[in-house]
């Protein structure tokens, strides 16, 4: 995989990360950690600057998240992904006590 293909794949996976959360899907922690590792590698190898990557994360946050959650990415000082999954509905059991 060449450098541009790596960046394109990373952008695709980041978009999927935000899309899946917006649709209410759970994102496994392992997926989160692998993407954070890929972001760190891309920056360390000089494939993308931290500012560019941070800008792309903010763009995705503005596209998929509400204003409060966008602020997390706007004010973040570290290159991290944040889980924003909706709480699962809880229904009382039908059993007698």
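Numbering (our numbering), first residue to last: 519 to 615. Even glycine gets a Cβ: it sits at the ideal position worked out from N, Cα and C.
Shortest Cα-Cα distance from residue 523 to any of 533, 542, 541 and 565 involves 565. Excluding its 5 nearest sequence neighbours in each direction, residue 576 has C-beta neighbours in its own chain below 8 Å: 588, 591 and 592, listed in chain order.
A direct Cα-Cα distance of roughly 40 Å separates residue 570 from residue 608. Excluding the 5 residues flanking it on each side, residue 558 has same chain C-beta neighbours closer than 8 Å at 597, in chain order. Here the C-alpha atom of residue 556 lies approximately 18 Å from the C-alpha atom of residue 594. Per the coordinates, the alpha-carbon of residue 547 lies some 28 Å from the alpha-carbon of residue 610.
Across the structure, residue 537 and residue 561 are spaced so that their CA atoms are roughly 23 Å apart.
DSSP, read as helix, strand or coil, puts residue 567 in coil.
By the neighbour-count criterion, in which 16 or more other beta carbons inside 10 Å mark a residue as buried, residue 563 falls on the exposed side.
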